[in-house]
Each structure stands twice: as C-alpha cells, then as structure tokens.
Amino acid sequence: MYNATITTQPYKSGKSLTIYVDNKNMVNELMIALMDAGFIVNYEPCYISENYEGCFLYDDKNVITICYKSQERTFESS
C-alpha cells in the first residue's frame with residue numbers, strides 16, 4: 398500500500414500531476430507499474446535538486462511526475 402500526496406502544478410505549456418511518495422523505492426515501483434501499464438517515460442528516476450523523481454508523458458502538454466523529496470542526500474565537495 399502506498400502513502401502519497403498528489404498535486405497539480407504548471408508544467409511548460411500544460412500541467413504536471415505530481416505524486417509525492419515516502420521513499421526512493423516507491424518512486425521506482427510506481428515507475429515500473431506505469432511503464433507496464435503503457436505510459437511513455439519522459440525521464441527515468443534520477444536526482445533533480447533535492448528530489449528523486451521520474452516522469453511520464455501523458456499527452457502533448459501534460460506529464461505525470463513521481464517524486465520523493467529527499468532530506469538526507471548530501472553532497473561532497475572536492
């Protein structure tokens with residue numbers, strides 16, 4: 398069972414349905430489930446700023462984003 402928060406927000410010329418989940422594994426599991434259902438991947442899960450997220454194209458203007466807001470990710474300086 399998933400615990401998620403769903404929001405809509407502007408995205409380029411359309412909208413993004415964003416699903417916020419509790420951890421990275423949930424992002425990966427939902428990505429696989431939606432790929433199996435036939436959704437087209439816009440980008441595979443990766444870190445974007447502090448978020449771990451993946452994205453699907455819904456139509457020409459809209460997307461579905463699955464996101465985990467990571468508070469624990471740290472960056473090392475060289």
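Numbering (this note's numbering) for the sequence shown: 398 to 475. Every residue gets a Cβ at the ideal spot worked out from N, C-alpha and C, and that includes glycine.
Buried or exposed (CB count within 10 angstroms, at least 16 for buried), residue i
i           : result
residue 465 : buried
Contact under 8 Å by Cβ, residue i with residue j
i           : j           : result
residue 467 : residue 439 : no
residue 428 : residue 442 : yes
Same chain only: Cβ atoms within 6 Å of residue i, ignoring 5 sequence neighbours per side
i           : result
residue 416 : 401, 403 and 463
residue 414 : 405 and 461
Helix, strand or coil at residue i [DSSP, three-state]
i           : result
residue 448 : strand
residue 455 : coil
residue 466 : strand
residue 400 : coil
Sequence-distant residues of its chain with Cβ nearer than 7 Å to residue i (five each side left out)
i           : result
residue 432 : 438
residue 454 : 437, 439 and 460
Quick check on the DSSP output: what are the complete beta strand (DSSP E) runs of length 3 or more inside the stretch 411-437, in order along the chain? 411-418
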